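J.: Let me begin by handing over the structure; questions about it come next.
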Amino acid sequence: MKLEITFRWKYLSIALVAFCLLSAFGYWWTAIRPYYPVEAILAAPLREIRAEENGVLPEALLQEGEAFKLGQLFFASNQDKLNQAKFKLDQNMQQYVYLQNEIGSSEVMDQVLSELQKWQQKVAELEKDRPLVPAAPFDGIVLQCFKTAGEKTHLGEPVLLISKQQNWVEAEIPETMLSKMRVGLSASVKLPSYPGKTWVGKVAWISPLAKHGKLKIRIYADDLPFKPGLTAKASIKIHGS
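Per my numbering, the very first residue in the sequence shown carries number -13; after that it's consecutive.
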């Protein structure tokens, strides 16, 4: 009987210790744990560049993976030809005005007038010939080329896929953790496809919609691979920041 009581106390003691350890771990996990792990992806705003006219694409000025600036052209345009035609038009206009004031009607003046009309028509044609593809709407990078130089394209057809080149990691967190999140918290990010490398950053944005629980981490490094959609593992420092 005494031996049985001893065993019971032994098991109760073990259970009590296990309960205390689990309770302590639970408290540490919810209240003290310094880092909160979360699954994430490399995020970037994507945009398709679509043709604004039917036609054949001219020479490409940018390739996949190349960066561009706001207003930069993706394909060659007739701007150089237009500038040259306007210069010729201006030259002939000045010559025509000079001959009209100095000589009046003459065979030379008729020839200059003919050239003037030719360049007026040329300028009008070039100004009407709008670029097939609009210029860059922001600073960014070319992710994919759907069409290449010499291919036919139609109004509204996607030609390029571009994105803003930003070092952002996007993650979703449960509602129960929202109260612990705030802008400015430190974070570290690892990419399974780049083992052994860790990037550091800070929480830069938290969705105002509680049900979504989305946040963005800004990485302060230039060597973060720019591959939108790449999976990542982030750890957000929720205590001791």
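Yeah, the Cβ is synthetic: ideal placement off N, Cα and C, and Gly gets one too.
Please read all numbers here as calculations on a predicted model, not as lab measurements.
From 108, 101 and 149, pick the residue whose C-alpha is nearest to that of residue 122; which is it?
T.: The shortest Cα separation from residue 122 among 108, 101 and 149 belongs to 149.
J.: Sort 189, 22, 180 and 186 by Cα distance to residue 211 and report the nearest one.
T.: Out of 189, 22, 180 and 186, 180 has the C-alpha closest to the C-alpha of residue 211.
J.: Leaving out the 5 sequence neighbours to the left and right, which residues in its chain are closer than 8 Å to residue 186 when beta-carbon positions are compared?
T.: Closer than 8 Å at Cβ, skipping near neighbours: 172, 173, 174, 175, 205, 206 and 207.
J.: Following the continuous beta strand (DSSP E) through residue 26, name the residue where it begins and the one where it ends.
T.: It spans 21 to 29 - the beta strand (DSSP E) in which residue 26 sits, taken as one unbroken run.
J.: What is the DSSP secondary structure of residue 150, counted as helix, strand or coil?
T.: Looking at residue 150 - three-state DSSP - the assignment turns out to be coil, as it is neither helix nor strand.
J.: Can you check whether the CB of residue 29 is closer than 8 Å to the CB of residue 214?
T.: Cβ atoms of residue 214 and residue 29: closer than 8 Å.
J.: Only counting the same chain, and skipping five residues up and downstream in sequence, which positions put a Cβ closer than 6 Å to that of residue 191?
T.: Excluding positions up to five away in sequence, the list reads 202.
J.: Does residue 139 pass the burial test, meaning 16 or more other C-beta atoms within 10 Å, or should it be called exposed?
T.: By the 10 Å Cβ count, residue 139 comes out buried.
J.: Are the beta-carbon atoms belonging to residue 50 and residue 130 less than 8 Å from one another?
T.: Yes, these two residues count as a Cβ contact at 8 Å.
J.: According to DSSP, is residue 134 helix, strand or coil?
T.: Correct three-state label for residue 134: coil.
J.: For the beta strand (DSSP E) that residue 189 lies in, which residues bound it at each end?
T.: Here the beta strand (DSSP E) through residue 189 covers 184 to 192.
J.: How many angstroms separate the CA atom of residue 106 from the CA atom of residue 68?
T.: Computed Cα separation, rounded: 11 Å.
J.: Quick one, which of 98, 135 and 125 has its alpha-carbon nearest residue 74's?
T.: For residue 74, the nearest C-alpha among the options comes from 98.
J.: Closer than 7 Å: is that where the CB of residue 36 sits relative to any heavy atom of the ligand PLP?
T.: As presented, the structure is devoid of all ligands, the ligand PLP included, so that no description of it is given.
J.: Under the rule that 16 or more other beta-carbon atoms within 10 Å means buried, what is residue 42, buried or exposed?
T.: Classification for residue 42: exposed.
J.: Would you list the one or two residues that DSSP bridges to residue 157?
T.: According to DSSP, residue 157 bridges with 26 and 201.
J.: Could you round the C-beta distance between residue 46 and residue 135 to whole angstroms and report it? I think they count as a contact, below 8 Å.
T.: Confirmed, about 5 Å.
J.: Quick one, which of 33, 44, 52 and 78 has its alpha-carbon nearest residue 63's?
T.: Of 33, 44, 52 and 78, the residue nearest in Cα terms is 44.
J.: Any idea if residue 141 is buried or exposed, counting beta-carbon neighbours within 10 angstroms, 16 or more meaning buried?
T.: Counting Cβ neighbours within 10 Å, residue 141 comes out exposed, since fewer than 16 surround it.
J.: Between which two residues does the beta strand (DSSP E) containing residue 34 stretch?
T.: Element bounds for residue 34: 32 to 36.
J.: When the Cα atoms are used, what is the spatial distance from residue 96 to residue 86?
T.: Roughly 10 Å separates the two Cα atoms.
J.: Does the Cβ of residue 159 have 16 or more other Cβ atoms within 10 Å, making it buried, or fewer, making it exposed?
T.: Under this definition residue 159 is a buried residue.
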